[in-house]
Structures are given as structure tokens and as C-alpha cells.
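One structure below.
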Amino acid sequence: MRTRSTVLRGLLGISYRFGGPFIWDIVRGGRVKILIYHSIPNQRRFEGIANHYGYSIPAQDFEQQLIYLSRHCNVIRVRDLLTDNSALSSTKTNVIITFDDGYENHYLNAYKLLERYTLPATFALPTAFVCNNEPLWDDIIEYAVVHCTKSRVRLQWEDEDREFVLADFSGRLELYNWLMRKTVQVDQMRRDELIGLALEELGASAEPENLFEDENYRPLNKNQIRKMAKSNLVEFASHSVHHYFLSRCGIEEKRMELRESKSQIEELTELPCTLFCVPGGAYDSEALEEAFSAGYECVLTSDSGTASHGNRVLNRNGIYNHYDIHKFADIVHGPVLEMLEVTRRARGAVRALFN
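For the sequence shown, counting from 1, position 254 maps to 246 in our numbering; every step adds exactly one.
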């Protein structure tokens, strides 16, 4: 695995050094790539399990990526893709910048940098977080595991009975991964029950005043959202009410999450909310039908790949903390990761023929 990762880094570095991304634009210019960002904190280093999955990108690194995009790409709005072909470049990669989750550092750091470089972006808001100050479920889990002072905990959930030794990083990571996996898999109406059970066993409190002492867990406030709404640079999207995984919700819960969040965002921003960004990338055909019935013009997923004019379901590509400039450029333009994916699919098709 480590050898494969080293080879990939080498390929990405060679491609970047010899202009692969820019040659790819000559060959396949005019495509649209939508990028997903999450938290943009000031801190550069993270200890223990904090930011284990790489969702937080330091503001300094984010600024370097914005500089790259402003020099080498055509940065557009979602509405440009939906309604205005004249805004799209036929020679450069067209890029749409999106942010999920509604963190306060979206205003304090990301928005300030977008203003500096005059780049538009879309911000997706989970309304229980930004309107009611309810901490995000994954932040609760991270906070609880980080601050647990016990050396050993035991969790029983449905048919599992697990004991975790928290004496070192590996034990805490095992617990963290188990909780994250279970909260994704569970019927979302029982998610709070599972998290409550974990908090009780870990001896942690997830009250907002505790979590929000850490600036990286704080939500945007209403004044910040309204200031951003007055800018021509910002579009707002729904990210549901509670950040539930919609494929694990019944139809009534899906309907409420989609419609209530849309209404709250429109009241807050005094602008139409016509975009929906799927929480956690988890959706099904029923969720799409409910989204369009609720009045959303398009749904932005976490499925990687290009986005196409006229499509109502749009792919997005996650950007993570461990990406260097070589990988970032390749995700934006290609060609290495795209060619490897084509090769992987071709091999799979050949194997299927002989099985």
C-alpha cells in the first residue's frame, strides 16, 4: 500500500513538473470541476485524532489553492453552469468552489480570502447548526474521544459489545472509527441515541458551550451569513437540517430535512435557496425526487468527476488536508488520476468477461 502511494505521488509530481495538467486543458479544456471544502481553520498542525480524515484545510494552504485557481482556471458560480454558458471557458477548466457544514471559519477565513481574490463560492448550511447552535454530530464524536479521560471504555450497541483501550493513539483511533462508522450506518432517527450512549460511557459532555470553546467547532452566526448574502460572490445552498445521511432516513424525514432547511435559509438570507448539497454524500433516488419536489434546481453530490451543463445532479470532488499542489492540480485538471481510473475500469471489465 505504501509503495503504491509512493508511486502515485511520483506520477503526480512528474505530471505537474512537465505540464500534464495544462496539456490536459489543451486536450480537454472547457470541462467543469466542482470542489468540496469543509473547515478552513487558522491552525496548521493537528494532534491525535483531530482532523484524522483531513476535512480541515489550514487557511494558508487554502489561500495557495485559491492563487492557483485564479491563475490557471476559470472560477464560476453554480448558477453560471445552470443558466449562463457565456461565463464558461472553452479552453480552461471551469471550477466551482463549494463549502459544506457552515463553520464560522468559512466567514472569518475562507470568505475573506475569496473577497481578496474576487472568487465566487457556494456555502451549504445545515440549519440546526447555524440557526440553533446544535453542534455537528461528527464534531461531537471527535470532541468526546479527544477529551475522554478514561483509560478503558465499553460500548454495547445492538448486537455488538466492544471494549476499547484508550492508553494510546491507536486505541482512541479505533474507538473514533467505530463510532463514526456506526453513526453513518444506523437509522438516522437513532443517531442521537447512539451518540448519547457513547457520551455517557466516555464521561463527556457535548453541550455547545463546551464544544464552542474550540473555535474550529463554531457555526456561522446569522449576522455573518447575512453579510455574505449581500455579496455578489456568495450563493447559499441547503445542507439539510441535521446533517442526516438521507439514504438512512424514511421519506417523511427526508421531506422535512429538505423543505425545512430550504425555508430557514431563505428566511435567513432573504434569497431563494435552489441548491442542495448532499450531507455525507449519502443519497438515493427517493432523496433526489424529494429534493426536486421541494423546489431545488439541482443537487450537488460527493460523487467525484466532472459536472455538465444541463444536469440536475452534479458531481463534486473533495479536497483534503493531505493533498499537495501536485495532487490538487491533478484533481482540478487531470490527467493522472483520470487515466488511472479509466485503467481500473478497463481491468474490471476484462475480469468480468472471464468470470
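C-beta atoms are modelled at their ideal positions from N, C-alpha and C, and glycine is treated no differently.
In DSSP terms, what residue i is bridged to
i	result
C269	L292
K25	V87
F228	F115
E152	W149
R144	V157
V138	DSSP lists no partner for V138.
N125	Looking at the DSSP assignment, N125 forms no beta bridge with any residue, so it has no partner.
M213	Note that residue 213 is Asn in the sequence shown, not Met. N213 pairs with nothing; no bridge assigned.
N309	L27
Y95	P211
Cβ shell of residue i (< 8 Å), same chain only, five flanking positions each side left out
i	result
I15	P327
I133	Y168, L171, M172, T175, I187 and A190
N213	E96 and V122
F320	Q57, Y60 and I311
K142	L158, L194 and G195
D206	Y135
Alpha-carbon to alpha-carbon, residue j and residue i
i	j	result
L158	V145	8 Å
L100	N124	20 Å
N224	L128	28 Å
Y103	M220	8 Å
R71	A42	35 Å
E150	E185	12 Å
F54	N313	9 Å
Y8	N66	19 Å
Y315	V324	12 Å
R(-4)	T335	15 Å
F237	D276	10 Å
C241	G94	22 Å
C-beta atoms of residue i and residue j nearer than 7 Å
i	j	result
H30	D76	no
E193	L147	yes
A286	S239	no
E290	L280	Residue identity check: residue 290 is Cys in the sequence provided, not Glu. No.
I89	I68	no
N309	L27	yes
D322	L4	yes
Cβ-based neighbour list, residue i, same chain, cut-off 6 Å, excluding 5 preceding and 5 following
i	result
A120	E126, V233 and H234
G297	N307
Close beta carbons around residue i, own chain, < 7 Å, minus the five adjacent residues each side
i	result
P264	E258
L74	E289 and C290
Below 8 Å, how does it come out for the region 103 to 113 and the region 253 to 269: are there three or more Cβ pairs, yes or no? These segments do not touch.
If you pair each beta-carbon of the region 255 to 267 with each one of the region 211 to 229, do three or more pairs fall below 8 Å? For the pair of segments examined, the region 255 to 267 was found to touch the region 211 to 229: the number of CB pairs separated by less than 8 Å reaches three.
Check whether the region 8 to 26 and the region 80 to 92 touch, using three or more Cβ-Cβ pairs below 8 Å as the test. Verdict: yes, contact present.
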